[in-house]
Amino acid sequence: MKRSIVLLAVSLVAGVSGAAVGFDNKILPPDYRLDDARFGKLKTLDDYFPFHPPQDLKTWETRRERVQRQILVAAGLWPMPERPPIHPVIHGLVDRGDYTVEKVYFESYPGFYVTGNLYRPKHGKKPFPAVLCPHGHWQNGRFYDSGPEKVLWDIVNGAERFERGGRYPLQARCVQLARMGCIVFHYDMVGYADSVQLPHRPGVRAHMNTPTRWGYFSPQAELHLQNMLGLQTFNSIRALDFVCSLPDVDTKRIGVTGASGGGTQTFLLCAVDPRPAVSFPAVMVSTAMQGGCTCENACYLRIDTGNVEFAALFAPKPLGMTAADDWTKEIATKGLPELKQLYSLYGVPDLVMAKPLLQFPHNYNYVSREVMYHWMNKYLHLGLKEPVVEEDFEPLSREEMTVWDDQHPRPEGGEEWERRFLENLTALTQKQLESLIPQDESGWAEFRRVIGGAYDVMIGRPVPSGEEVKVEILRTEQRDNGEWRAVVIRQTARQESVPAWLILPQSEVKASVLWVAENGKQDVLGKEGQLHPAAAELVRKGAALLLPDLLGQGEATPDGVPIVKARLVREDYAGYTFGYNPPMFAQRVHDILLAIRAVKTLHPLAERPLVLIGLKGAGHWVAGARCQAGELVDLAVIDTGGFRFASVNAFDDPNFFPGAAKYFDLPGLLALSAPHALWLAGESRENAELVSQVYHAAGAEEKLRVLPNLTLKADAEWLNDLANWMDK
440 MKRSIVLLAV
450 SLVAGVSGAA
460 VGFDNKILPP
470 DYRLDDARFG
480 KLKTLDDYFP
490 FHPPQDLKTW
500 ETRRERVQRQ
510 ILVAAGLWPM
520 PERPPIHPVI
530 HGLVDRGDYT
540 VEKVYFESYP
550 GFYVTGNLYR
560 PKHGKKPFPA
570 VLCPHGHWQN
580 GRFYDSGPEK
590 VLWDIVNGAE
600 RFERGGRYPL
610 QARCVQLARM
620 GCIVFHYDMV
630 GYADSVQLPH
640 RPGVRAHMNT
650 PTRWGYFSPQ
660 AELHLQNMLG
670 LQTFNSIRAL
680 DFVCSLPDVD
690 TKRIGVTGAS
700 GGGTQTFLLC
710 AVDPRPAVSF
720 PAVMVSTAMQ
730 GGCTCENACY
740 LRIDTGNVEF
750 AALFAPKPLG
760 MTAADDWTKE
770 IATKGLPELK
780 QLYSLYGVPD
790 LVMAKPLLQF
800 PHNYNYVSRE
810 VMYHWMNKYL
820 HLGLKEPVVE
830 EDFEPLSREE
840 MTVWDDQHPR
850 PEGGEEWERR
860 FLENLTALTQ
870 KQLESLIPQD
880 ESGWAEFRRV
890 IGGAYDVMIG
900 RPVPSGEEVK
910 VEILRTEQRD
920 NGEWRAVVIR
930 QTARQESVPA
940 WLILPQSEVK
950 ASVLWVAENG
960 KQDVLGKEGQ
970 LHPAAAELVR
980 KGAALLLPDL
990 LGQGEATPDG
1000 VPIVKARLVR
1010 EDYAGYTFGY
1020 NPPMFAQRVH
1030 DILLAIRAVK
1040 TLHPLAERPL
1050 VLIGLKGAGH
1060 WVAGARCQAG
1070 ELVDLAVIDT
1080 GGFRFASVNA
1090 FDDPNFFPGA
1100 AKYFDLPGLL
1110 ALSAPHALWL
1120 AGESRENAEL
1130 VSQVYHAAGA
1140 EEKLRVLPNL
1150 TLKADAEWLN
1160 DLANWMDK
């Protein structure tokens, strides 16, 4: 591994003797500007999201697993909820001669109903292929009627062929696919048409933002990763379960197509479920705008990824797309070439296609639908003679489409039902996750895969490689307790910087100690530059001490003022901020991981054991870093102070960490320290039970010590124990 150490200024020596001499605690010179991209503009859904295909399939398969897991975690579907057999209610058959249409509803989660229409061909050879049709954000969804005036302009402009097909374009594609020999399920987005139990995108509501019995979009819902994107994605998975349960469906020939928000549902379903054979997301896949609705965004979803890569997860199966004069208009030059490059790794570059139809605005019109019919005909192996031409049809009335009637009454909905629904969903998830608490080594491996896999996504990064890290030494001072180096640690690729004091003992270095404090280095330093007696005692006994300012602390700020509130893109939904930008909690963990790698690049620290210390107020950050650091950290000393992420009830709180309350909160994060050495304080024996159980299952009971609160005194017992540990 390369050692990336940049020495810009060395050896500014100050003699020290006898009486105390004042030193400047500041690391950075007055005219020094910390180079950190995180001080700049937050990323939004309207920024640029390029896809960088890998050079080989092995690299891609590793990346594929990571991005699929990221989608599932963001959607609240990691691990996948239980999926009992579908018991659909199918009624109200309408016969249109060459096809029939029926009304369908079934439960996805207990108490929540998916609604839609099932189109079936009346002729042809069974089993039939099937096509799922999520509809997108057209007014009234499945009931959409563009109106008598718009359709005439569409016909004049060449966008539509028939008046009825143009007025009812969502029905038109279902009818044509049925006439082509496909069973089609056209189902509702949440809050559209017959899906009336929840509104589609209300955003934060103060009266639903409560510590218990909360509603969607609240901090507690986000802490449990309960969001509209996840609900709709699970509905799509269950819609696929429903279609696959039909005896006349060929489960090896299933297509999915939708436009706009329906395109988002299409590529998300096809990204995480292996069953679809053909995908056709229309006017949605783009390196530009990623989807503006709350149902297209979720915390963590697009951090370091985007819609083109989501679509790429379908490779090497047939992926067709259309573009319009909207955010997709550059797909031919930005997105498609990279997708072709990926498909070429599989030897099938022709299995991905995008048709730019830039003469039309955002749409799923007749011209676009014709491109899709060709794609489905070819790759669902329908065997129809080309070209396939959409014909006129008799539209369904709303009465013929709607699922609910006197014999099939509309289910309960509203805000009180919403509270009960999420309360039940939380209980089901908790029960599922509690079943993962390990009893033996194999159980521990599964706990690590699932819970560790979730926190890996939520924290967002491993320890960076040595090639990514540079250590800049601004100056060196000799003080009475050792050599002090003012350093800036840089993550070069991401343009992130951590200022820190590195203090080397006068004696031989026995261990490196990375000490993280609630308010940064100032908590361990006095006004005259002296170390806190407890830290000074560690240095005297041979510890090399690294004291960083994490993002928002001390000198790691854009203006020298500590950051007490995280910035938000919008206040009405957390997913607009944390779907594109890591939470500040995660960013502070990133800084610790960066510091860990820096220690492992410096001589003689790299060869010495590494200890992480995070006392009350900083213990949760160190727990996050310990989770990701693996064997690079030999011992973590953590005092939690009883902190819980679930107690954070504001999006702009620096400790807001979406998903943490779902995955056993801080004890779950601490449990992922196993099998490495952990000294844990701030927790009662009862509260530390999960950590103890996991350590026991990992066969590492002796590596866990549960202590009382860690006092910051030079003669504290834990410090003496740590000194003895360093001597071993």
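For this note's numbering, count along the sequence shown from 1 and bump the result up by 439.
Yeah, the Cβ is synthetic: ideal placement off N, Cα and C, and Gly gets one too.
Taking all protein chains shown into account, do 16 or more other C-beta atoms lie within 10 angstroms of the C-beta of ALA1013, making it buried, or fewer, making it exposed? buried
Classification of MET519 by the beta-carbon crowding that lies within 10 angstroms, buried from 16 upward: exposed
Can you name the residues that DSSP bridges to ARG559? THR539
With H, G and I counted as helix, E and B as strand and the rest as coil, what does DSSP make of GLN659? helix
Here's the rule I'm using: 16 or more other beta-carbon atoms within 10 Å means buried, otherwise exposed. How should ALA1179 be labelled? Residue 1179 lies beyond the stretch modelled for the chain, which goes from 440 to 1167, so this question has no answer here.
In chain order, what residues of the same chain have a beta carbon less than 7 angstroms from the beta carbon of VAL978, not counting five sequence neighbours either side? ASN920, GLY921, ILE942, PRO944, LEU970, LEU984
What residues are listed by DSSP as bridge partners for HIS646? None; HIS646 has no bridge partner.
Beta-carbon contacts of ASN1020 that lie in its chain and below 6 angstroms, excluding the five residues immediately before and after: LEU481, LYS482
With LYS794 as the anchor, note down where its alpha helix (DSSP H) starts and where it stops. Element bounds for LYS794: not the alpha helix (DSSP H) but the beta strand (DSSP E), 791-795.
Would you say SER783 and LEU758 are within 7 angstroms of each other, going by their C-beta atoms? no
How do the segment 522-535 and the segment 670-683 stand: do at least 3 beta-carbon pairs fall below 8 angstroms, yes or no? yes
So which of GLY697, GLY1121, ALA763, MET667 has the shortest CA-CA distance to LEU740? MET667
Assigned secondary structure, THR849 (DSSP; H/G/I helix, E/B strand, else coil): Reading off the sequence, residue 849 comes out as Arg, not Thr. Three-state DSSP puts ARG849 in coil, outside helix and strand.
What first and last residue would you give for the beta strand (DSSP E) that runs through ALA762? 758-762
Note down, in chain order, each residue of its chain lying with its Cβ closer than 6 angstroms to the Cβ of VAL543, except the 5 sequence neighbours on either side. PRO527, ILE529, GLY555, LEU557
For the beta strand (DSSP E) that TRP1203 lies in, which residues bound it at each end? Here the chain comprises residues numbered 440 to 1167, so residue 1203 is not present and cannot be evaluated.
Taking C-alpha atoms, which residue in GLY731, TRP499, GLY852, SER547 lies nearest to SER699? GLY731
LYS966 classed as buried or exposed, judged by whether at least 16 other C-beta atoms fall within 10 angstroms: exposed
Strictly by DSSP, which residues pair up with THR696? PHE719
Residues that LEU1074 bridges to, as DSSP identifies them: VAL1050, ALA1116
For GLU1172, count neighbouring C-beta atoms within 10 Å of its own C-beta (all shown protein chains included) and say buried if the count is 16 or more, exposed if not. Lying outside 440 to 1167, the shown extent of the chain, residue 1172 is not represented and no answer is given.
Measuring CB to CB, does VAL1130 end up less than 7 angstroms from PRO1106? yes
Have a look at PHE886 and GLN917 and give me their C-alpha separation to the nearest angstrom. 48 angstroms
For LEU872, does the three-state DSSP call read helix, strand or coil? helix
Range covered by the alpha helix (DSSP H) that runs through CYS613: 608-618
Cα-Cα separation between CYS734 and GLY654, rounded to whole angstroms: 15 angstroms
Could you please give the first and the last residue of the uninterrupted alpha helix (DSSP H) stretch that includes ASP534? Per DSSP, ASP534 belongs to no alpha helix (DSSP H); it is in the beta strand (DSSP E), 528-534.
Where does CYS738 fall in DSSP's three states? coil
Any beta strand (DSSP E) of 3 or more consecutive residues that is wholly inside the segment 960-1020: 982-987
If you run the structure through DSSP and keep just helix, strand and coil, what is ILE890? helix
Do VAL724 and VAL747 have their C-beta atoms closer together than 7 angstroms? yes
With a Cβ-Cβ cutoff of 7 angstroms, do ALA793 and ILE770 count as a contact? yes
Which residues does DSSP list as the beta-bridge partners of ARG1144? TRP1118
With a CB to CB cut of under 6 angstroms and the five nearest residues on each side skipped, what residues in its chain are close to TYR631? GLY580
Between the segment 922-931 and the segment 895-914, do at least 3 Cβ pairs fall closer than 8 angstroms? yes
Between which two residues does the alpha helix (DSSP H) carrying PHE749 extend? 746-751
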